[in-house]
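Heads up: the protein sequence lines correspond to chains L and U, in order. According to this note's numbering, the first sequence is numbered sequentially starting from 1. According to this note's numbering, the second sequence is numbered sequentially starting from 1. Where is the CB? At the ideal position from N, CA and C, for every residue including glycine. Since the structure is predicted, the reported quantities are computational estimates derived from the model, not experimental observations.
There are 2 protein chains.
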Amino acid sequence: MLIDGKALAAEVEAKTKARVEKLAARGIVPGLATVLVGANPASQMYIRLKHSACTRVGIRSENVMLPEDATCEQLIGRIRELNLRSDIHGILMQLPLPKGLSPQKAMMAIAPEKDVDGFHPVNMGALLLGAERLVPCTPRGIIYALERLGKGLEGAEAVIVGHSNVVGKPLAAMMLNRNATVQVCHVFTKDLAKHTRDAEILAVAAGVPALIKKEMVRPGAYVFDVGISRVGDKTVGDVDFDAVKDIAAAITPVPGGVGPLTVAMLLEQTVQAAESQIA
Amino acid sequence: MLIDGKALAAEVEAKTKARVEKLAARGIVPGLATVLVGANPASQMYIRLKHSACTRVGIRSENVMLPEDATCEQLIGRIRELNLRSDIHGILMQLPLPKGLSPQKAMMAIAPEKDVDGFHPVNMGALLLGAERLVPCTPRGIIYALERLGKGLEGAEAVIVGHSNVVGKPLAAMMLNRNATVQVCHVFTKDLAKHTRDAEILAVAAGVPALIKKEMVRPGAYVFDVGISRVGDKTVGDVDFDAVKDIAAAITPVPGGVGPLTVAMLLEQTVQAAESQIA
């Protein structure tokens, strides 16, 4: 079975749109501000994708641009302005930042209740402690898909490849909070296949094209491919999709899998943030 | 080899004492306040242990007691007083709290820079993000012991049994930050032995006496037993020590293993907190 990220995202968008309309009836339009430092083309594309998704569900969005050579003080100053604005409910700082700017310091400046990317330490900490509030969007999308597919996490053997702050570590915490048995592998893992073959649920976020071959996957596994790489003129994931699809119970394609779900979760979290700020 | 928690703790205490003396030369005496709600005998015992450890290294300590029926507001009020005092550098709220009091809410009230137990969400989040500041003391003790024993974590197969907020989850994050391959098992895990047999490093914090038998341990493993239970008139851990010691490369006894190390880490973190508050 193909896990159709676009279809799942469309479902989430429809539900989110309904929540936006409820807020509108109270005179509130959820507002998202994105912050882009410099002119990284990939970042510009992601920002565009997010703004057009906002438009689809009725979230007002704006982009704050800073030059490549902006100082940390300037960046934090702009974030603080956004923190104070009551028409902005969510703030997303597009990563990566240009060299010389500390993402940790800048992230700390975002008001935790507006941190719709879920990267502020206090939100990450609440996540690790099992009191999830705003959480990183890609892990949230994977958890959502599993729930929607009826694949329970309690007692399930989950294996994550990649231990980044954005995907691997927060996803591990979210799966543990749902009582999965969790293994986290990465570039330092000695025998990756030995681990991945245990997985009833396999999430791969390594950024290495075709890292996961058919013989590394347990038949009947649910496979989530977070990788996005360009190989020639094709966009590919970390999983050898054509081979693995024959033995997986369900698998996300790249593109059209985890990506659209991540954007949908951002919309949902922005509305969640708006709802909690007026409550 | 026996991992002598008392000896390792004594080492840490000696180093901590030297740091206290350096602070004294600047006119600063590190201060730790413990907060105890109610009269749980085990909690009282732990508090006494911590205060006498403070005395050994020259940390001034005091205990704030609240009655069993204290309200959340009263508890938070007392914590806020301690936050404001410049002679108190560390605040430790003894868990568990009486029913009706939310540990999360109370924990949020502790100034993060005085959170020497490392349980505040912002410290937990920094930990998950790989920017460790003040961290939970038991995981820190285990990491310390591994470093001291020269057992590298990078690429090592680590298995943790237990996924609590106090030990399992923060230890998993600390091991991932050091590039171990990490598996976290718990009461919902289907085949515990299958996982534990992978472990070059095995940390058990399940609270189930003799849960880990010899045949569940990989020969040559480093075994850390965090469990403390009373069985008859004996204090025992989660590992069948007498059998497992024959095949482990190194193992902590109970008592005298992880416990003393945890207290030593509390002292070290209190001094660390004092140093960072005067910097």
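Rounded Cβ spacing between residue i and residue j (contact assumed at less than 8 angstroms)
| i | j | result |
| --- | --- | --- |
| A273/L | K114/L | 6 angstroms |
| A206/U | D238/U | 5 angstroms |
| F188/L | G155/U | 4 angstroms |
| K6/U | V263/U | At roughly 10 angstroms, the Cβ-Cβ gap does not stay under 8 angstroms, so K6/U and V263/U are not in contact. |
| A221/U | I201/U | 7 angstroms |
| I76/L | M93/L | Between M93/L and I76/L the Cβ distance is about 10 angstroms, and since that is not below 8 angstroms, they are no contact. |
| G259/L | I212/L | About 18 angstroms separates the two Cβ atoms, so there is no contact after all. |
| Y144/L | M1/L | No, Y144/L and M1/L are not in contact; Cβ-Cβ is about 16 angstroms, not under 8 angstroms. |
| L84/U | I91/U | Incorrect: roughly 11 angstroms between the Cβ atoms, too far for contact. |
| E132/L | N165/L | Not quite, the Cβ-Cβ distance comes to about 16 angstroms (not below 8 angstroms), so this is no contact. |
| I3/L | G257/L | 6 angstroms |
Residue i - DSSP class collapsed to helix/strand/coil
| i | result |
| --- | --- |
| K15/L | helix |
| M175/U | helix |
| M1/L | coil |
| F188/L | coil |
| S164/U | coil |
| A158/L | strand |
| Q183/L | strand |
| D66/U | Checking the displayed sequence, the identity of residue 66/U turns out to be Leu instead of Asp. Here L66/U sits in strand by DSSP. |
| F224/U | strand |
| I212/L | strand |
| A274/U | helix |
| I91/U | strand |
| R218/L | coil |
| A250/U | strand |
| T235/L | strand |
| L101/U | coil |
| G118/L | coil |
| T71/L | coil |
| A203/U | strand |
| R230/U | strand |
Rounded C-alpha distance that separates residue i from residue j
| i | j | result |
| --- | --- | --- |
| K214/L | G162/L | 18 angstroms |
| H89/L | I142/L | 24 angstroms |
| V29/L | K22/L | 10 angstroms |
| A53/U | M65/U | 19 angstroms |
| K169/L | A199/L | 17 angstroms |
| P136/L | L153/U | 27 angstroms |
| V167/U | T138/U | 6 angstroms |
| G232/L | P209/L | 12 angstroms |
| M175/U | A106/L | 26 angstroms |
| V204/U | A250/U | 14 angstroms |
| E73/U | P219/U | 52 angstroms |
| P253/U | L261/L | 48 angstroms |
| D246/L | S102/U | 49 angstroms |
| S276/U | D87/U | 13 angstroms |
| E157/U | V159/L | 14 angstroms |
| V20/U | L95/L | 41 angstroms |
| A39/U | D240/U | 32 angstroms |
| P112/L | G100/L | 24 angstroms |
| T270/U | A42/U | 22 angstroms |
| R230/L | I79/U | 53 angstroms |
| R140/L | A18/U | 47 angstroms |
| L293/L | M45/U | Because chain L spans 1 through 279 in this model, residue 293/L falls outside it and cannot be assessed. |
| A70/U | Q104/U | 16 angstroms |
| L134/U | V244/L | 43 angstroms |
| G296/U | A126/L | Absent from the structure is residue 296/U, since the part of chain U shown begins at 1 and ends at 279. |
| C185/U | P255/U | 23 angstroms |
| M108/L | A248/U | 43 angstroms |
| E68/L | V226/L | 28 angstroms |
Interface partners of residue i on chain C, CB under 9 angstroms
| i | result |
| --- | --- |
| C185/U | Considering every chain present, this structure includes no chain C. Its protein chains are L and U. |
Residue i vs residue j beta-carbon contact at 8 angstroms
| i | j | result |
| --- | --- | --- |
| T16/U | E268/U | yes |
| A25/U | E62/U | no |
| T196/U | M216/U | yes |
| L171/L | M124/U | no |
| V37/U | P98/U | yes |
| R60/U | G31/U | yes |
| V57/L | E11/L | no |
Touching by the beta-carbon criterion (3+ pairs, under 8 angstroms), the segment 173-185 of chain L and the segment 182-194 of chain U: yes
Inter-stretch contact (C-beta, 8 angstroms, three-pair minimum) for the segment 148-164 of chain U and the segment 116-127 of chain U: no
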